[in-house]
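Add 35 to the 1-based position in the sequence shown for this note's numbering, that's all there is to it.
Quick reminder that beta carbons are idealized off the backbone N, C-alpha and C, glycines included.
For clarity, every value in this text was computed on a predicted model and none was experimentally measured.
Below is one structure, written out as structure tokens; comments come after it.
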Amino acid sequence: METNNNAANQGKVEEQLQSMGEGKKDEILSSFETFKSYLGDKVAKGEKLGMGEEQLAKTAQKVADYLAAHEEPRNREEKLLQELWKVGNEEEQHKLAHMLVRMVQ
36 METNNNAANQ GKVEEQLQSM GEGKKDEILS SFETFKSYLG DKVAKGEKLG MGEEQLAKTA
96 QKVADYLAAH EEPRNREEKL LQELWKVGNE EEQHKLAHML VRMVQ
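Pasting the structure below:
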């Protein structure tokens with residue numbers, strides 16, 4: 036059952052990212068501090084819904100995959116994260132997702 040919930044949650048993440056307006060994306064990605072604040076808010080909401088660190092990291096990994104494929108970095112920090120994401124294998128990307136979750140908690 037948990038696997039189905041994870042898949043459903045990740046599907047919702049993908050839908051939200053795709054349906055988010057360009058203005059909202061620009062607002063969130065305009066500065067690294069704003070991005071961290073947005074991510075921190077989403078992590079806090081996930082925790083309130085009972086998501087553990089592993090589920091949060093999988094969701095963060097889904098977001099990072101989407102951003103790497105569809106969005107251009109808007110600052111140095113995002114550019115660095117994108118470059119790290121591109122050179123990492125799936126295991127390394129998953130570890131980076133865990134670090135991002137812990138960074139914003």
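In this structure, Leu115 sits away from Leu74, with a CB-CB distance that is not shorter than 9 Å.
In the three-state DSSP reduction, Glu107 falls in the coil class, being neither helix nor strand.
Within 10 angstroms of the beta-carbon of Val48 lie 16 or more other beta-carbons, which makes it buried. The residues Leu116, Trp120, Gln128, Leu131, Ala132, Leu135, in chain order, have a CB closer than 8 Å to that of Ala99 in the same chain once the five nearest residues on each side in sequence are set aside. Straight through space, the alpha carbons of Val139 and Glu68 are spaced by roughly 10 Å.
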